[in-house]
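The numbers in numbering that gives the first Met the number 0 rise by one with no breaks, and the one at position 43 of the sequence shown is 42. For reference, the structure is listed below as structure tokens.
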Amino acid sequence: MAERICPPWIGYLLASPLRRLFENPEKMLGDYVRPGMTILDAGSAMGFFSLAMARMVGPEGKIYAVDLQEKMIKSLKRRAAKAGVSDIIEARTCNQNSLEINDLTGKIDFAVAIHVVHEVPDASNFISEIYSALKPGAKFLIIEPKGHASPEGFAATEKAAVQAGFEIVDHPKIKRDWTVMLVRNT
Ligand SMILES: C[S@@+](CC[C@H](N)C(=O)[O-])C[C@H]1O[C@@H](n2cnc3c(N)ncnc32)[C@H](O)[C@@H]1O
Numbered sequence: 000m001a002e003r004i005c006p007p008w009i010g011y012l013l014a015s016p017l018r019r020l021f022e023n024p025e026k027m028l029g030d031y032v033r034p035g036m037t038i039l040d041a042g043s044a045m046g047f048f049s050l051a052m053a054r055m056v057g058p059e060g061k062i063y064a065v066d067l068q069e070k071m072i073k074s075l076k077r078r079a080a081k082a083g084v085s086d087i088i089e090a091r092t093c094n095q096n097s098l099e100i101n102d103l104t105g106k107i108d109f110a111v112a113i114h115v116v117h118e119v120p121d122a123s124n125f126i127s128e129i130y131s132a133l134k135p136g137a138k139f140l141i142i143e144p145k146g147h148a149s150p151e152g153f154a155a156t157e158k159a160a161v162q163a164g165f166e167i168v169d170h171p172k173i174k175r176d177w178t179v180m181l182v183r184n185t
């Protein structure tokens with residue numbers, strides 16, 4: 000069962016640079032993100048990870064940042080402009096039942112959903128949409144906070160991912176979080 004949606008005031012806290020002290024995007028994602036990649040940040044909120052990944056992929060790369068809430072996306076766009084990475088990030092709103100990313104089918108090199116899946120009403124559909132957006136061989140990292148997702152809830156997320164066609168390839172260690180690294184093989 001999906002929890003209530005993260006409100007914008009928490010979005011501001013999540014976008015704070017202080018968060019880097021305990022969740023450092025370069026340390027968490029540096030092994031997977033390369034210059035020139037096209038990346039999907041599903042449930043981006045105000046772009047804490049999108050902005051960091053934009054710097055990592057550089058001017059030849061692209062970040063698609065997708066979120067349900069207009070306020071999150073507006074703030075993300077302001078932050079991207081301030082950081083000089085507006086040209087690298089395409090930020091979009093979606094609806095609760097679909098990421099609305101049909102145009103990205105087969106275009107994505109790497110995707111993340113960080114602290115999002117427990118808020119999504121239909122995790123199976125969310126994961127399947129991301130599967131379709133990935134290129135064969137591309138990876139998808141799900142991170143869920145242990146404070147919001149139960150062991151059973153996370154196991155159900157992994158099961159939905161396998162049912163969507165993903166193979167589980169790793170469980171990167173991140174304090175206080177459940178994680179799973181998935182790959183689309185074909
Ligand atoms: C807890 S925040 C995490 C944001 C970001 N990934 C981070 O770690 O800073 C969860 C975000 O997911 C978004 N969200 C929730 N349900 C969603 C859905 N069905 N589709 C897209 N975004 C969703 C919320 O609007 C919120 O901005």
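Glycine included, each C-beta is placed from N, C-alpha and C at the ideal position. Please read all numbers here as calculations on a predicted model, not as lab measurements.
- Judged by DSSP in its simplified three-state form, Y31 adopts coil rather than helix or strand.
- A straight-line Cα-Cα distance of about 16 Å links I142 and E166.
- Contact check between the region 47-57 and the region 150-169: fewer than three CB pairs, one atom from each, fall below 8 Å, which does not count as touching.
- Of all C-beta pairs linking the region 102-116 to the region 18-38, three or more are shorter than 8 Å, placing the two stretches in contact.
- Contact check for L67 against I4 passes: the beta carbons are separated by less than 8 Å.
- Here the alpha carbon of G10 sits roughly 19 Å from the alpha carbon of R175.
- Residue environment analysis places T104 among the exposed positions, since fewer than 16 neighbouring C-beta atoms fall within 10 angstroms of its C-beta.
- A heavy atom of ligand 1 is found nearer than 7 Å to the CB of M71.
- Distances from the CB of V32 to the heavy atoms of ligand 1 are all 7 Å or more.
- Apart from the 5 residues on each side of it in sequence, Q95 sits with its Cβ closer than 7 Å to the Cβ of L67 and P120 in its chain, given in chain order.
- Per DSSP, V116 has no beta-bridge partner at all.
- For H117 and P58, the gap between their C-alpha atoms comes out near 33 Å.
- Out of K138, A82 and E89, the CA that lies nearest to the CA of K61 is found in E89.
- Using a 10 angstroms sphere on the CB of S15, the tally of other CB atoms stays under 16, which defines it as exposed.
- Judged by DSSP in its simplified three-state form, P150 adopts helix.
- The straight-line gap separating the alpha-carbon atoms of P135 and I126 is approximately 15 Å.
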